[in-house]
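Chains as they are written, first to last, in the working numbering: chain A, 668 to 838; chain B, 4 to 462; chain C, 7 to 112; chain D, 7 to 631; chain E, 2 to 479. All residues carry an ideal CB built from backbone N, CA and C; glycine is no exception. Values in this document were obtained by computation on a predicted structure and should not be read as measured data.
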């Protein structure tokens, strides 16, 4: 039981628990906060892998941008109440069954799969520093990088399109 | 690569047009631009594709992608041409709509030209996000909202699945590059993650092409979306997803394992059957065509079964299907643009009040039903022929039975047009609908008369 | 540098990701509140991201991490669009309960 | 030259037909009648020419006109064969035909469709000639069906009356049953010998290596054909109904000519029947049974034409009896004499009906002797002839049949004799009821009683004369007919020596006839008996009067079941079969309707199925393997 | 000069008719159809002189499909049947007025085009395409210009379409399968395929489904009566006169030579079914209340006999089948036209409402009578030649087939005469029946003249088809 392993288990437990609580808690605000926690724990995993840049970006993007967006929306809609009606019992039961089923199925296939015990490759090369990532991102992955901008542009136009009021509209 | 760049530039131009108040010119210019891009795309045949090797690790320009790109561009031309009138009430947004369509095309091009899974993923997301937006774009219409919401929820769920699949493939091989993955995939000792990843990715794609049992979104979304979006989804998006699925399978692994073929067979049968049987009882034309699209997805999946040889057939089928779809949607939009719904009753008496549109719609429905001389017939026939060669006679028989069922609902519409009396006077229809409908169906018939035109492209 | 996976084992990460992914799926199925459903999808995506990083380390390869960037971009775009749709649904319907979205059926 | 003449002989009535059908309505009735008659006379004269020529050189005239039907193993010509048999038939067909045409000019004078009547009659003669002069079975079959058609057209001539139309239809269909037999018989022969030409069949048969069972079957089938056309058991029921047609039609078609086609055919194919003794037995038995049954029904009929009709059936039965016993000449002889006196009888009855303005019920006649003397006398002569009174024609021919029967089978002889006695009885019953005692009709009819015009009486007289002297053609001793037909008949029928036995038989026959006459005399002249009204008839008489309920039996056994089957098919089976096809559609639609519940718009459900799908696929691919 | 000219002419005719406008459409259609008739006679002449009037051209390379049209005697006979009946049918409709007549006549000519194509094509896929193409025009003709209650009609017509299409699709599978074996659709290559017994069986079955529905053989006939009843008379004529023959022709041309051993093995069943159709059709026809329906069932019976002739696999059977097809084509067109003539005057086809027509219209009565007689195969009509030959061939196989099949001459006479009696005879009808017009009379006379001429002299037709039938038989018996 190395400290790293303990850390892993600790983080993993947090991740799963907060993820679960996100779903379970009735108040959307609580959900959001649990989700933030979950994201932080995932960032912890990243750090565990020594992927600092990624961890930071992750926190910035998810906790900083996406979660703020979520919270903003929740507030906008005034949803910070525990007024959600539960789904019918049968549906919830179904969801739980499916959840268990899927977990079992996926876990089973990965248990069955030939897992690699023993030594993992250690190239010793630097593969996750900002420098390396930047090089790869702007050389090999230039096209997708640019294309991602198209993605964001499209999303932006889309959001504008969805939110823009027209003169002809009555509201 | 040039194609992608020019398309994106065109998209940006559309946005700029808004700024410079060129709305009137927007649609014609975009159409012309797309035609020019089509020229570029077709021109790529003449020159050696390998010339474009700068980004070969991301975008592969080969016959397959070229052919499908050209098809997508053609479809987009039609869709954009229809948009001009469709969005005439929304002048302030028209450039956004057009731009999104063009970006959607860019995503589509990325999807069939990818040689790196990153491009694939981004492409599919560009396409999907554009479609989510378009589906929900009638912002005051509850149905449109609902459609957008449903599509978004299910679509992003599917994206998650696809991403998971990509991840596992990466885990198994350590590459995103298609060529490398293919090399490794045929080698021994590849972890089981790889097939799992493949399966998850394919499931995600099956969702995109709306194959059963991942098809549930399609009818609801098709019905709720604005008609032009439905047209886009049922023609362009479906064709793109199908081509991508084919490319994924043929690009990532050398051949399918028999059990997986079994899965495809079952999914194909399910899609055909569910699609056709459900379509029988639909009153809403768009919903009916959604189910029809599901069944066509089932047919197209047959192409997967003879993976190494079916590219031409698939191209032909998709072209035939999409052109018929465009033609029928041009008519559907033209007929229902003022009525606010798309019930079959709108088509009553169309044979008398507007014979040309009725004829086009009839022709396109016949094509979808697979009646000769329309290209839909050859498409189905070649598909069947390939499937028989691959040894799936049973599947073909199911396909044939489904073709028979499909006639039932296609003809329901035809019957409405020719045997029922029109309830109300139909206002005049702008010429652009005729233009699009007729040229699409003419293309369709031309493909029917000279199937070699398309068939030989990929052989 | 030592490969951290020597101490944890890739399969642990796989299981973690799978479970996280499944929790995401569970959330999608379990909740009616569209926002929570969105969050669940985010959890799914994050589960995959985590696995990407794990595999990246496993292969000692940067591409996996690069991919995570794209994945994040996608997630951001999706959330933006999704929330925009959500807002317009909310405006029209006054609720974001996905079970109320039953106009389209049959 | 001969070919042309033969063609003229054949086509002359056809020209008459064409003229009358197309132009008949435009010319006067007399012209159309005259043309109709003349064209038949032309044929008659030409027949005489050919007959004379044949008598001179004894060589039959045969010619193939053109190729007709071709099948893999043989080719059929449209061929003409004029030999002894066909010329004999031609002579009396065209001869009697001419007389009846002549008669009809007057008889049908008041009918608005007289030209059509002549057209049909001409067409009939044309087909009858075709039937007779064909050189192969198929040409005979054309005529065979053609005369059936004309019979149909003429029985239903008064088409406004639906029962008449029913009778016509019945005649056609009953005939068609026989025709099927004929066809099948032809098929077997064609299969056996690869030809249908008489001469060739004869040659092939003489080679004698044919399968006798198949030959028997062929003969049986042909005989079934004959029973249809010649109204034998069990297909005779159409003939009495056929009396719905105008009386000349009954005389020509349903007494003298068409109904003898069966005999002609059997005689034509004698070389075949001679090889199949079993079938000959059947023919003989059927003939005798028909003779008896029909005669017995004739005993109690009250319609004058019905009596004659049953008499015809009965006489035809006798002819078949002769055929069955191999005595073809005798049968032919009786055909000819029967043609004379039966035509005369029918025409006479026509004259009576004409005189009474359409009354056919003998109960409403009587005492016409004075009013219609010529009719009475000619009919009387013919009645004596049919009854078999010496020395009228019928005596000779019928006597020969009885003699032949006696030689072969005593039972048949007894049956035939009883039939003869019955014949004598009912014929005289007819005469007594019609011509003797007082008139029983209405006053008005009585007022109008008159002898028929000369166009009607002349043919009667000619036929009556023939009925007297017709027997001369084959008097015992000279046996002209026997010699004449010798080249045709393979198995020679030796002439009877006029020995004691023969004279004795003649005597018995004569006595029998006289007994019948006396019986009738006692009942109707002395007893003054008039048949009861239909409702009063009871007991066995009623059964006989109703023709043993054979029609009802057929209706019950065949017509009703077929019709109810048809109804069942139409109302039940067809919709059910249709539903089977529709049920696929209904099923699909039903599933569609149910499926709508599945697509209930609930995202949760959609996702649920989605995830289940994933699980299923993954389980199948990675766990189940 | 080759046979494609007929196809082109008809296609151009169809287009020209469409553009001729409603007023001229019928005339233009008549001219073009007459032109096609003339052309096919000319080509027949060329064929008889030994000229090569076939055409083979490339169409597509993958799958390898050629534009192959071969005209042998059999094909030419069927083409002539089509091109002779089309002008007659068009001409017969001159007494009717149709809405949108340009569409109507264009569809008629197009259908004729497709049917001629079916008879000429010797490339499997090409043949199949024409086969299906013929279905579309008749669908619209029946649907749009049909009579009776619209809902009922729709049901019947859609059923017909789906049913026949369904059957043909199985044939398509068979072709696809054959193609995967032979690598070509050319009939010659397909003839030469060596198939195993099982393969032959399934291929035979697939073809059988297509043809049994089209012909129709019981129990696949359920579409027929209703469609005949509901379709406009022109449509009914096209269907019964020519389209049925497509199925029978195809049996001879495609089904038998490609799967001969299956045909031989299942001969009793096939002939049995066909003959059952004869008897069944006749019996059902007996009690029909609608004139057109009665004729439909009579058609079922006759066609059953023809089908039985096909499956005897003898030269007699096949040549009788061809004769009978042609004869039946003409006679049924004539009979339906008679029904139409009555309908034009009385506005009804219910037999019970008719009767008493004869006294008002001697000409029509005679012509109708002759057609009725031809339909019951009276000797002297062409129908007799066909029926005789077919029955003869049946008797060669088994005498009982001939006996059972021969019941048609009894039952046929029964229902036809009964119909004639109820429709035409009896007391003069209170409604006035105008005598036939010249146009109507011309149609009748043409049909009758044809039937009588070839009834007495069928040699030209038999000589025309025999060599090609022998070729086919050689393949069957190889």
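Query	Result
First through last residue of the beta strand (DSSP E) which encompasses residue 60 of chain E	56-61
Rounded straight-line distance, which links the Cα of residue 115 of chain B to that of residue 7 of chain C	Bear in mind that a pLDDT of 48 at residue 7 of chain C, under 50, signals an unreliable position, so the number given afterwards is only what the model happens to contain. The straight-line gap from Cα to Cα measures roughly 39 angstroms.
Residue span of the alpha helix (DSSP H) that contains residue 149 of chain B, given as start and end	145-176
Contact residues within the region 804-827 of chain A, judged by C-beta distance below 8 angstroms to chain B	807, 808, 809, 810, 811, 814, 815, 817, 818, 820, 821, 822, 824, 825, 826 and 827
Distance CB(residue 334 of chain B)-CB(residue 441 of chain B) smaller than 8 angstroms	no
Residue 427 of chain D versus residue 246 of chain D - alpha carbon distance	21 angstroms
Closer than 8 angstroms to chain B by CB, residue 260 of chain D	no
Inter-residue Cα distance where the pair is residue 291 of chain E and residue 143 of chain E	17 angstroms
Selection from B/42, B/147, B/304 and B/295 that minimises the alpha carbon distance to residue 247 of chain B	B/304
Residue closest to residue 792 of chain A, alpha-carbon to alpha-carbon, out of C/82, C/77, C/68 and C/105	C/68
Residue span of the alpha helix (DSSP H) that contains residue 378 of chain B, given as start and end	378-392
Backbone CA spacing between residue 283 of chain B and residue 595 of chain D [nearest angstrom]	6 angstroms
Chain C contacts made by the region 186-214 of chain B, where a contact means CB separation under 7 angstroms	none
Same chain only: Cβ atoms within 7 angstroms of residue 291 of chain B, ignoring 5 sequence neighbours per side	282, 285 and 412
Chain B residues whose Cβ lies nearer than 8 angstroms to that of residue 83 of chain C	128 and 132
Length of the line joining the Cα atoms of residue 120 of chain D and residue 369 of chain E	21 angstroms
Any C-beta of chain C under 8 angstroms from that of residue 136 of chain B	yes
Interfacial residues, the region 592-625 of chain D to chain A, with Cβ spacing under 7 angstroms	610, 614, 617, 618, 621, 624 and 625
Coarse secondary structure for residue 122 of chain E, derived from DSSP in three states	strand
Extent of the continuous beta strand (DSSP E) run through residue 74 of chain D	67-77
Residue-level contact to chain A via CB, residue 574 of chain D, 8 angstroms cutoff	no
Minimum Cβ-Cβ distance from residue 459 of chain B to chain E less than 8 angstroms	yes
Closer than 7 angstroms at the beta carbon, the chain D residues around residue 147 of chain E	Going along chain D, no residue has its Cβ under 7 angstroms from residue 147 of chain E, so there is no contact; the nearest lies around 18 angstroms.
Beta-carbon neighbours of residue 765 of chain A, restricted to chain D and to distances below 7 angstroms	614, 617 and 618
Any chain D beta carbon closer than 8 angstroms to residue 837 of chain A	In this prediction, residue 837 of chain A scores a pLDDT of 49, lower than 50, which makes its location untrustworthy; no coordinate-derived value is stated.
Rounded C-alpha distance that separates residue 443 of chain E from residue 449 of chain E	10 angstroms
Straight-line gap, residue 199 of chain D to residue 412 of chain E (C-alpha atoms, nearest Å)	30 angstroms
8 angstroms Cβ cutoff, residue 771 of chain A in contact with chain B	no
Secondary structure, alpha helix (DSSP H): runs of 4+ residues fully inside the region 253-315 of chain D	253-257, 267-274, 276-279 and 283-304
Chain-ordered chain D contacts of residue 18 of chain C [CB-CB under 8 angstroms]	In chain order: nothing, as chain D lies at least about 20 angstroms away.
Within chain B, partners of residue 77 of chain C - CB distance below 8 angstroms	124 and 166
Contact check, residue 368 of chain D vs residue 436 of chain D, beta carbons under 8 angstroms	yes
Contact set for residue 283 of chain E: own chain, Cβ-Cβ below 8 angstroms, skip 5 residues either direction	298, 299, 302, 408, 409, 412, 413, 415 and 416
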